[in-house]
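Undergrad: Would you mind keeping the following structure in view while I ask a few things?
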Amino acid sequence: MKKPGFKYLLMVIVFLLTIGYFVTSSIRHSRLTDETAQRVKLVLDRMIVYENIYDDMQDFETGYRGYVITRDSDYLEPIDRHTREIPLDITKLRSLTNQEGISAAEASDIHNLDSLVQKKIEHGKVVIQLVHDGKQDEAFQRVSSGYGKDLMEKIRTVISSLESSGRYQLQVANTRSSEAAARTRNDYLLSGVIGFSLIGLLLYFLYLEEKRRIRLGREAAHFAAMVDQSQEAIFSVGTDSRILSWNKGAEMMYRIPEQDAVNKRFLDVVRPVMSQEELLAISQHLKTSSHWEGEQIHLRQDGIPIRVISSTNVLLDDEGIKVGYVAHTKDITRIKELEEELQQINSNLAGQVAEKTREIREIFERVTDGFLAVDSKWNITFISDNGAVLLKLEKASALQRNFWDLIPMKYSGEFVQGCEEALLRQRPVELEAYYDPAGSWFQYRIHPSANGLSVFFRDVTVEKRVMEELHRSEQRFRVLVENSRNLIAQFNEHQQLTYINPAGAFILGIPSPEKPQIPFIIQQQLDAVIRKVLQDGAPNEQLVSWKKEEHSCHLLVRVAMVQPDEQGSKMAILVGQDITQEIEHANQLRASRDELRKLTNYLEQVREEERTRIARDIHDQLGQQLTGLKLDLNWIRKKMNGTDPVLNDKILEINRHLDDTVRTVRNISAELRPLLLDDLGLIPAIEHYCEEFHTRTGIQATFSFEGPFPALTDAVNSNLFRILQESLTNVIRHSNARSVIIQLTSSEANLFLTIRDDGDGFETDRKSETLGLIGMKERAIALGGHLVIRSSPGKGTVIEVDVPLSTPLVA
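Just so we're aligned: the sequence shown equals residues 426 to 1236 in the numbering used here.
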């Protein structure tokens, strides 16, 4: 039967032949291209020389003709230069003529051109010499004879013929190059078709081979699955002596993991302790037989030798071709050791038993856990010192006693069940149980055997109490979280919600806390703050707002990061307080405050209007009446003509009282509403009031203003003037100031009033605000501005008012 590798070998040979043909064609085309390029270069070089000779001859003829006609020596310089260059061009042309690729006709033309050039040069030199000798007429006759002209025409004809021949050679070279390129292209195409065909066949055969390999792999996998759980070493080896599979039994036997054994030479892995002759004999045996079995010594990974019984079978595929081997190895090291030990024990059984018993006892005594062993009848055969202490028994009296005599069954219900389970299943059992006589919790590890039970146990009371306290703490925390009225949620490092308490689910409108899904509009607001907390590690707060059934909801959230766990995963805890009612109450309070402020402003406006009316009535009516009384008194005094001095003095006294009354009426009117404020505006009213203030109190009041002032409404004038009045009143009452500076400035957008005194000052906390200060601030707020008071004890007081010059404030 033909081996599969023959097909690949045949395809490789054909592919190599194709590549050889491709390379040969490429070399042939390269050589042809180089030859063509060389011919073209020679032709071009000759055509350049032809052109140079023709140009030089034209310049030569022009030079000597011009010299003959003009006898100007300037014409001799190009003649000398061309006389030197023309021989060089002729020499170069001769060297090019000696190379291959020159036809006989072209060589003849080149020789003829050389002869004509020499004659032309000689003719020119003769003419020039005649001119030098003073034979001008003779030189002119030679030039006019036409001989030189005929020579030049022949030179032009020969060069034209040579150039035509060169152009023909270039055309022929171009045609050959195109034909060669076409042949090369066809060669490349043929090579490509053959190459791609071979690649397609190769891929098809590889596909078939891969199917075959996959089938064998599945069979090997099935075989590996069958033997994987075997306690004995079973592994397969390919024909290249490399391990293909390695079961768990082999891992345990040789102490080599599967990944370290597969694809390694099996002799390097199992390392049989055998000579080359023995290995060769086994190999020869497997060539003639499909099975070999025998005892061997192998080396584990740690270098420890193991004695095995090895069985090797040959693996064949469906076509009967050998594909590998299966080795079945059983570790008999322990059996051999036991046999040897048995022989030694037989020789000195009593001594060895005693020694082993002593060693085992010492081991158990050194163990900090308790240990006891019972036989099949529950008689205690051994108990360690720690075990006796933990169970509160006397070791000497416990040995060879029945376990249930010492430990009543009523105290050992769970322990009994564990023992019965271990005996029934013949598998170790672990459990925890409370032992009442010792008042402790024990963790038991019960190991069954054919002759009884071995029990390891340790006191876990402290651990148990810690776990119970931890559980209670967790329960308390869960109760607090589950019953909290605030939102409490947990997010992982990917900002995904992993837990939310019932109150949080209700607040956010989440139907099921078990499958939490935060609404998109809320998640958008939370993402930024959660991301920042997870990145920076610092707690952060944010107000989250959304619409719920046409009502606005507001949640104040605080996010903090929990330290990463052992896996490095971060976690964010979010605590949110529903402040919807607080914000609604704040909005209602703000609205109520705005309404009260509007009402206060309205009442203040009404009061200001009433003051204006009363001030005008007092000024106009009462002032006129007092003036009339004064006129009447003066009339009476004139009529008396000084006849009664006592009555005259009384009239003068009444007149003085009337003057005081008039001034008092004017002051009252001015306090109620300065008439200058309505008649002339804010600035004259302030100036007048400062003068009156200085006159009345003796405190220097300096007023200055800057900037253009638009016409202001009565509300602005009234409120700013009242703020000034209240400020100066406070100066009189509290500051003990010696001077006051009042500045009024304006900009395009704002009006500024500054009142500065050098008085005692005061602490500007909220508690120190009087009704007067509050009223001043409210007046500034009513104008859309604000009032700031800056003061400290011993440093005076500054009141700054900033009012925007918006349209409603400008008259």
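Positions of the beta carbon are idealized from the N, C-alpha and C atoms, including for glycine.
(1) Cβ of Arg-1290 within 8 Å of Cβ of Tyr-679?
(2) Tell me the residue span of the alpha helix (DSSP H) that contains Leu-692.
(3) Assign Met-1201 to one of two classes, buried (16 or more other C-beta atoms within 10 Å of its C-beta) or exposed (fewer than that).
(4) Whole-angstrom Cβ separation of Phe-1177 and Val-1226, contact assumed at under 8 Å?
(5) So, Thr-443 versus Ile-619, is the Cβ gap smaller than 8 Å?
(6) Where are the alpha helix (DSSP H) runs, 4 residues long or more, that stay fully inside the stretch 924-951, in chain order?
(7) Tell me the start and end of each unbroken beta strand (DSSP E) in the stretch 703-787 that is at least 3 residues and wholly inside, in chain order.
(8) Quick one: give me the first and last residue of the beta strand (DSSP E) that Leu-669 is part of.
(9) Quick check: what's the CA-CA separation for Asp-1182 versus Pro-1070?
(10) Among Arg-883, Glu-857, Phe-828, Ser-655, whose alpha-carbon lies nearest the alpha-carbon of Phe-796?
(11) In whole angstroms, what separates the C-alpha of Ala-930 from that of Asp-1139?
(12) Would you report the Cα separation of Val-583 and Ser-520, rounded to the nearest angstrom?
(13) Spatial neighbours of Ile-546 within its chain, please: CB distance less than 8 Å, with the 5 preceding and 5 following residues excluded, ordered by chain position.
(14) Under 8 Å: do the stretch 657-676 and the stretch 748-755 share three or more Cβ pairs, one atom per stretch?
(15) Between which two residues does the beta strand (DSSP E) carrying Arg-883 extend?
(16) Where Val-891 and Arg-901 are concerned, what is the direct C-alpha to C-alpha distance, given to the nearest angstrom?
(17) Out of Phe-1146, Phe-1130, Gln-1049, which has the shortest C-alpha to C-alpha gap to Val-1087?
(18) Just to confirm, are Gln-594 and Val-474 a CB contact at a threshold of 8 Å?
(19) Would you say Pro-503 reaches chain D, if we count a Cβ-Cβ gap shorter than 8 Å as a contact?
(20) State the start and end residues of the unbroken beta strand (DSSP E) segment that holds Glu-857.
(21) Compare the beta carbon distance of Ile-955 and Ala-997 with 8 Å and say whether it is the shorter of the two.
(22) Considering only the alpha carbon of each residue, which of Asp-470, Phe-881, Thr-886 lies closest to Asp-861?
(23) Can you list, in chain order, the residues of its chain whose CB lies under 7 Å from that of Val-568, leaving out five sequence neighbours each side?
(24) In three-state DSSP terms, what is Met-699?
(25) So does the stretch 601-610 actually touch the stretch 449-465, counting three or more Cβ pairs closer than 8 Å?
(26) For His-979, which residues in the same chain have their Cβ closer than 7 Å to its Cβ, ignoring the five residues on either side in sequence?
(27) Buried or exposed, going by whether 16 or more other CB atoms sit within 10 Å of the CB of Gly-1123?
(28) Please name the residue or residues paired with Pro-873 in a DSSP beta bridge.
(29) Whole angstroms is fine: what's the gap from Leu-1149's alpha carbon to Ile-943's?
(30) Out of Ile-832, Ser-801, Leu-704, Gln-988, which one is the CA nearest neighbour of Ala-813?
(31) Would the beta-carbon of Thr-1170 fall within 8 Å of that of Gly-1132?
(32) Under three-state DSSP, which class holds Leu-999?
(33) Is the Cβ-Cβ distance between Asn-1080 and Leu-1058 less than 8 Å?
(34) Quick one, which of Thr-1089, Val-984, Ile-1108, Ser-1129 has its alpha-carbon nearest Arg-1121's?
(35) For Gly-642, which of Ala-1205, Ser-661, Lys-579 has the nearest alpha-carbon?
(36) From this set, Thr-1189, Val-1165, Asn-1144, which residue's C-alpha is nearest Gly-1210's C-alpha?
TA: A quick look at the data gives this:
(1) Nothing can be reported for residue 1290, as the shown portion of the chain is limited to 426 through 1236.
(2) 691-695 is the span of the alpha helix (DSSP H), which, as asked, contains Leu-692.
(3) Looking at its Cβ environment, which holds 16 or more other Cβ atoms inside 10 Å, Met-1201 is buried.
(4) The pair is a contact, with the Cβ atoms about 7 Å apart (cut-off 8 Å).
(5) Against a cut-off of 8 Å, the Cβ pair of Ile-619 and Thr-443 comes out as a contact.
(6) The alpha helix (DSSP H) runs lying completely inside the stretch 924-951 and spanning 4 residues or more are 927-933, given in chain order.
(7) Counting whole runs of 3 or more residues, the stretch 703-787 contains the beta strand (DSSP E) stretches 716-724, 730-741, 747-756.
(8) Looking at the DSSP string, the run of the beta strand (DSSP E) that includes Leu-669 is 668-671.
(9) Counting only the Cα atoms, Pro-1070 lies some 52 Å from Asp-1182.
(10) Closest by alpha carbon: Arg-883.
(11) If I take the Cα positions, the gap works out to 57 Å.
(12) For Val-583 and Ser-520, the distance between alpha carbons rounds to 18 Å.
(13) Annotation for Ile-546: Phe-485, Thr-508, Ile-511 place their beta carbon closer than 8 Å to its own, counting only its chain and skipping 5 residues before and after.
(14) A contact exists between the stretch 657-676 and the stretch 748-755.
(15) Annotation for Arg-883: the continuous beta strand (DSSP E) segment containing it runs 877-884.
(16) In a straight line, the C-alpha of Val-891 is about 15 Å away from that of Arg-901.
(17) The residue with the shortest Cα to Cα distance from Val-1087 is Gln-1049.
(18) Gln-594 places its beta carbon 8 Å or farther from that of Val-474.
(19) Looking at the structure shown, chain D is missing, and only one protein chain is on hand.
(20) Note, Glu-857: beta strand (DSSP E), 854-860.
(21) Taking 8 Å as the Cβ cut-off, Ile-955 and Ala-997 qualify as a contacting pair.
(22) Nearest in C-alpha terms to Asp-861, of all of Asp-470, Phe-881, Thr-886, is Thr-886.
(23) Only Arg-490, Val-493, Val-552 meet the Cβ criterion.
(24) If DSSP states are grouped into helix, strand and coil, Met-699 belongs with coil.
(25) Yes, since at least three Cβ pairs between the stretch 601-610 and the stretch 449-465 fall closer than 8 Å, the two stretches touch.
(26) For His-979, same chain residues with a beta-carbon under 7 Å away, outside a window of 5 residues either side, are Leu-968, Ser-970, Ile-1004, Thr-1005, Ile-1008 in chain order.
(27) By the neighbour-count rule (16 or more Cβ atoms within 10 Å), Gly-1123 is not buried but exposed.
(28) When beta bridges are read from the DSSP output, Pro-873 appears opposite Leu-878.
(29) In this model, Leu-1149 and Ile-943 are separated by some 57 Å (Cα to Cα).
(30) Looking from the CA of Ala-813, the closest CA among Ile-832, Ser-801, Leu-704, Gln-988 belongs to Ile-832.
(31) In this structure, Gly-1132 lies closer than 8 Å to Thr-1170 by Cβ.
(32) In the structure shown, Leu-999 adopts extended strand secondary structure according to DSSP, grouped into three states.
(33) The Cβ-Cβ distance between Asn-1080 and Leu-1058 falls below 8 Å.
(34) For the residues Thr-1089, Val-984, Ile-1108, Ser-1129, the minimum Cα distance to Arg-1121 belongs to Thr-1089.
(35) Residue Ser-661 is the option with its Cα nearest to Gly-642.
(36) Cα-wise, what sits closest to Gly-1210 is Asn-1144.
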